[in-house]
Amino acid sequence: MKKLNVYDQLNAAALLLVSPEWTKVKAARKSAVLFESPDITIPTETRTIANRNIRLAESGPADAPLVVLLSPFPESILSFTGSWEALTEKCHVIAIDLPGFGASEGDRKDMSPTAQGAHLAAIFDELDLYDIHLLGPDVGMGAALAYVLNHKHRVASLPVGHGVGAPGPFKLAFMINMLAKFGFMRFTTGLLGAGPLIAFSSKLGAIRHRANARQVDDYKRAYSGRAAEVVYWFKDFSSKAAELAGRVKEIDIPTLVFWGELDVMFDPANAEYLDAALPQSKLQILPEAGHLAWADQPELFADMIIDWVDTTHR
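So the mapping is simple: my numbering equals the position in the sequence shown, first residue as 1, plus 7.
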């Protein structure tokens, strides 16, 4: 089983030392009730969909509302273990590792919201999915927004958060800005490999939870040898974000904007700007949660999504 080793931890620590947001996260962690994510088995499988090897998981009553979960980065669909049982009890859930992320096949050509939106269109067509509650955190947010903006979509509602697409001043953590602005930073981050990237994100992005051994093993296996490819997500980041932000007012479906109140990677102000721009939206700020809010507050997150799907979005 792969673990975060000394090399991973030391390199992550060096990155945290030059991250001004780390002080705020450390203070919040000291006062929080910490826990390890539960070791829940998510029944993953790999299918060839739209000519790609895509990893997904499916569970829950067939006649229940359909919720599609999109993977975050540098994690995977296993990031949802804390809320998986609650969600699949009430909803028909399909979790998808986006192409190029998690354990799904892909490369640097997939590292844009536009490309991911096109992949979602092909995946949903092939799986024949309709009336989707499309849940997109982190990189999944850009993918979800691009899908509904650029394609004849099959979406009933859109819970999104912690990603690109918010208009207004785009507030990002220092290291994300560096990855976005400088090719040298992307190059060196790719050379460091997946381990330091995972360790750094888990420290800066989490307030309450710590990934369990199965999750860490999955994340390291998923991104082993691929760090140099996936950091291309941050190339031309501002222009990718602006392209979505300029059009979000066109999204005329019910949208839930969720965000952790202590997200230092993508400032919660982004959530307010997005909520203000959308024609039909609700804003939900999750308390004592960071960038990985669904893992920091799994019970609250599951309750929020179930309530949204059952009643609030109508």
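The C-beta atom is built at its ideal place from N, Cα and C for all residues, glycine as well.
Please read all numbers here as calculations on a predicted model, not as lab measurements.
| Item | Value |
| --- | --- |
| Beta carbon of ARG221 nearer than 8 Å to that of ALA39 | no |
| Cutoff 6 Å; reference TYR280; Cβ partners in own chain excluding five residues on either side | ALA173, PRO174, GLY175 |
| Beta-carbon gap between VAL32 and PHE80 smaller than 8 Å | no |
| Sequence-distant residues of its chain with Cβ nearer than 8 Å to LEU186 (five each side left out) | MET192, ARG193, THR196, VAL238, PHE241, PHE244 |
| Where the beta strand (DSSP E) containing GLN291 begins and where it ends | 288–293 |
| Cβ-heavy atom distance, ALA234 to the ligand ADP, below 7 Å | Of the ligands one can find in the structure shown there are none, so the ligand ADP has no counterpart to examine. |
| For PHE108: DSSP bridge partner residues | Bridge partners of PHE108: none, in fact. |
| Spatial distance of ARG59 from ASP104 (CA atoms) | 11 Å |
| Under 8 Å between C-beta atoms of HIS126 and MET148 | no |
| Secondary structure of THR262, DSSP reduced to three states | strand |
| Simplified DSSP state of GLU268, which is helix, strand or coil | coil |
| Touch test, the stretch 256–267 against the stretch 285–292, Cβ-Cβ under 8 Å, three pairs minimum | yes |
| Check whether GLY202 and TYR14 have beta carbons under 8 Å apart | yes |
| For THR55 and ALA35, the rounded distance between their alpha carbons | 43 Å |
| Reduced DSSP secondary structure (H/G/I, E/B, other) of THR319 | helix |
| Reference GLY89; option with closest CA among MET311, HIS320, THR319, GLU306 | GLU306 |
| Beta-bridge pairing of HIS140 - partner residues as DSSP gives them | VAL74, SER164 |
| Opening and closing residue of the beta strand (DSSP E) in which HIS99 lies | 99–103 |
| Nearest residue (CA-CA) to ILE183, options LEU22, GLN16, ALA229 | LEU22 |
| Whole-Å CB distance - ASN219 paired with GLU43, under 8 Å assumed | 5 Å |
| Backbone secondary structure at LEU17 - three-state DSSP | helix |
| For HIS169, three-class secondary structure by DSSP | coil |
| Buried or exposed by the 16-neighbour rule on C-beta atoms within 10 Å, applied to GLY113 | buried |
| Straight-line gap, PHE87 to LEU77 (C-alpha atoms, nearest Å) | 10 Å |
| Cα-Cα separation between SER209 and ARG217, rounded to whole angstroms | 7 Å |
| C-alpha gap between MET272 and SER111, whole angstroms | 24 Å |
| Cα-Cα separation, VAL74 to LEU63 | 13 Å |
| Proximity below 8 Å, CB of LEU299 to CB of ILE258 | no |
| Simplified DSSP state of ALA64, which is helix, strand or coil | strand |
| Assumed close pair ALA151, VAL167 - CB separation to whole angstroms, cut-off 8 Å | 5 Å |
| Contact under 8 Å by Cβ, LYS178 with ASP282 | no |
| C-beta contact flag for ARG115 and LEU136 at 8 Å | no |
| Per-residue burial, GLY253 [other beta carbons within 10 Å of its own, 16 or more giving buried] | exposed |
| 8 Å CB neighbourhood of ASN277 in its chain, flanking five on each side removed | ALA173, GLY175, PHE177, LYS178, TRP266 |
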